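Written below as structure tokens is the structure these notes are about.
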Amino acid sequence: MAVRPLNFTTISLHHRHRHRHRLRLSLFFSPSPISSSLASTLSFLRGIASKTSYSAVSQQQQQQQKLRKELLLKELKETETLAQKIGKAIRRPGVPSKSRVYADVNVIRPKEYWDYESLTIQWGREQDDYEVVRKVGRGKYSEVFEGVHCTDNEKCIIKILKPVKKKKIKREIKILQNLCGGPNIVKLLDIVRDQQSKTPSLIFEYVNNTDFKVLYPTLSDYDVRYYIYELLKALDYCHSQGIMHRDVKPHNVMIDHEQRKLRLIDWGLAEFYHPGKEYNVRVASRYFKGPELLVDLQDYDYSLDLWSLGCMFAGMIFRKEPFFYGHDNYDQLIKIAKVLGTDELNAYLNKYGIELDPQLAFIVGRHSRKPWTKVINAENQHLALPEAIDFLDKLLRYDHLERLTAKEAMLNLLIFMNI
């Protein structure tokens, strides 16, 4: 494994009475010191890194390593200040990473298309034109409500944005405007803000969604294929428009099963793709984060969304939600390595010149690849068919450039799964 030497909210939403929302945000941080037991572990790891390799140690040393690894994992799970313990990976000169498809969309398009910071927001109706009915969700950056338009009583979704940088709000609005009318993309109907607090809200089309935890266990093999295909339509469209979603997960895929209607929502983390640009790896939700995010590869591309879709598909066909269930970002990489193997992970790291922090390399350990058939049981065998496994295997690849693109995945479903 590529390893470098060791170096030394509380949100309260004042519910809208009838005329306005009020939103307050308070953040509290309570860093934890490094314990003496972890310091001892770090000292031990230095010895491991400088004196010997994993394969050369004696049986007794292996036992000691196992105990130390368990201690380190315990320490990592008991603290919120993980950055104090595991550093970022280092990128050496290696293979440049550029998307296989739609790489130059934003190079060709005029700057006005992707330069969201220069966007002038056109506020629509008065916020008082909409009334909250009930809360339907919340996230890191927003509170979401079912609402109605007071004039015609039409249902809608009201997304009240929490205080964030203005450019983030502009980015989401610009992306939604650019994608307007695209297949299975949630429709942005209006942009409003409270006149006093200036809190902005986005008004979206209403989808009679069934919670995925209720819906997914009832889906047939055909249903799964159908909805994955519908989701791929949305992804291929946004990718063709030079946009990465960066937060694909069941919570952001609304399904009205009665109408067989799917909408991809929550574009708050979406971003325009520019070849060679280094992006923030703190995107996507933990269980759906691609390996590139977990090893700090910053010049990622649209293929990140295909990993997330692959995780969704795995959860659906194996009836295991989430499929990769890590307790934190480091444990998430471990969970992936226990399925896809560490030989393949090392090949990926070497190809892109990535050196992991030695502590992370140590706790990841060594694992052989696990056959997909090991996950099949009596409860999921009607869904985990050979064609589905083949499709999944082409999505869940360490190397993002080896994954199916959204268009290729659609063709794969059409040809091999009789959509």
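Quick note on the numbering used here: the sequence shown kicks off at 15 and runs consecutively.
No residue lacks a Cβ here, since even glycine has one placed at the ideal position from N, Cα and C.
Here the structure is a predicted model, which means the values were calculated and not measured.
Along the chain, where does the alpha helix (DSSP H) that runs through residue i open and close?
{"i": "ILE187", "result": "180-192"}
{"i": "HIS253", "result": "235-254"}
{"i": "TYR127", "result": "125-128"}
{"i": "LYS275", "result": "Where LYS275 is concerned, there is no enclosing alpha helix (DSSP H), although the beta strand (DSSP E) it sits in stretches over 275-278."}
{"i": "ILE377", "result": "372-378"}
Apply the 10 Å Cβ neighbour rule to residue i and answer buried if 16 or more other Cβ atoms are within range, or exposed otherwise.
{"i": "ALA375", "result": "buried"}
{"i": "CYS194", "result": "exposed"}
{"i": "THR356", "result": "buried"}
{"i": "GLN346", "result": "buried"}
{"i": "SER156", "result": "buried"}
{"i": "ASN391", "result": "exposed"}
{"i": "SER234", "result": "exposed"}
{"i": "ARG106", "result": "exposed"}
{"i": "GLN77", "result": "exposed"}
{"i": "ASP250", "result": "buried"}
Cutting at 8 angstroms between CB atoms, please list the residues of its own chain near residue i, excluding the five before and the five after it.
{"i": "LYS102", "result": "ASP310, ASP371"}
{"i": "LEU406", "result": "GLY324, PHE327, ALA328, ILE331, TRP386"}
{"i": "TRP137", "result": "ILE205, VAL206, ARG207"}
How big is the Cα-Cα spacing for residue i and residue j?
{"i": "HIS265", "j": "GLY304", "result": "17 angstroms"}
{"i": "ILE122", "j": "GLY256", "result": "10 angstroms"}
{"i": "HIS271", "j": "PRO214", "result": "31 angstroms"}
{"i": "ASN343", "j": "GLU244", "result": "29 angstroms"}
{"i": "GLU126", "j": "GLN395", "result": "50 angstroms"}
{"i": "LYS408", "j": "THR165", "result": "49 angstroms"}
{"i": "LEU81", "j": "GLU306", "result": "29 angstroms"}
{"i": "ASP413", "j": "GLU422", "result": "16 angstroms"}
{"i": "ILE100", "j": "LEU276", "result": "40 angstroms"}
{"i": "ARG274", "j": "GLY379", "result": "44 angstroms"}
{"i": "PRO124", "j": "TYR130", "result": "12 angstroms"}
{"i": "HIS4", "j": "ASN364", "result": "Nothing about residue 4 can be reported from this structure: the residues present for the chain run from 15 to 433 only."}
{"i": "VAL146", "j": "HIS163", "result": "9 angstroms"}
{"i": "GLY290", "j": "ILE350", "result": "26 angstroms"}
{"i": "TRP128", "j": "LEU278", "result": "20 angstroms"}
{"i": "LEU427", "j": "LEU418", "result": "11 angstroms"}
{"i": "VAL221", "j": "ASN167", "result": "15 angstroms"}
Return the first residue and the last residue of the beta strand (DSSP E) that residue i is part of.
{"i": "ASP345", "result": "From DSSP, ASP345 is part of no beta strand (DSSP E) but of the alpha helix (DSSP H) over 343-354."}
{"i": "PHE218", "result": "214-218"}
{"i": "LYS173", "result": "169-175"}
{"i": "ASP204", "result": "202-207"}
{"i": "VAL221", "result": "No beta strand (DSSP E) contains VAL221, which DSSP labels as neither H nor E."}
Who are the near neighbours of residue i in its chain, counting only those whose CB is closer than 7 angstroms to its CB and skipping five residues on each side?
{"i": "LEU229", "result": "ILE269, HIS271"}
{"i": "VAL238", "result": "MET330, ILE331, LEU397"}
{"i": "ARG139", "result": "ASP204, VAL206"}
{"i": "GLU393", "result": "ARG333"}
Go through its chain and collect everything with a Cβ distance to residue i's Cβ below 6 angstroms, but skip five positions before and after it.
{"i": "HIS253", "result": "TYR116, TYR316, ALA420"}
{"i": "LYS149", "result": "PHE159"}
{"i": "VAL262", "result": "ASP319, SER322, LEU323"}
{"i": "SER382", "result": "GLY355"}
Determine whether the Cβ of residue i lies closer than 8 angstroms to any Cβ atom of chain B.
{"i": "SER299", "result": "No chain B is part of this structure, which consists of one protein chain only."}
Indicate, with yes or no, if the ligand HEM has a heavy atom lying under 7 angstroms from the CB of residue i.
{"i": "ARG260", "result": "In terms of ligand content, the structure shown is empty, and the ligand HEM therefore cannot be addressed."}
field: Whole runs of the alpha helix (DSSP H) within the region 296-341, excluding any shorter than 4 residues
entry: As far as the region 296-341 is concerned, its whole alpha helix (DSSP H) runs of at least 4 residues are 305-308, 317-331.
- request: Please go through the region 110-168 and give each complete alpha helix (DSSP H) segment of 4 or more residues, from N-terminal end onward.
  value: Complete alpha helix (DSSP H) runs here, min 4: 119-122, 125-128.
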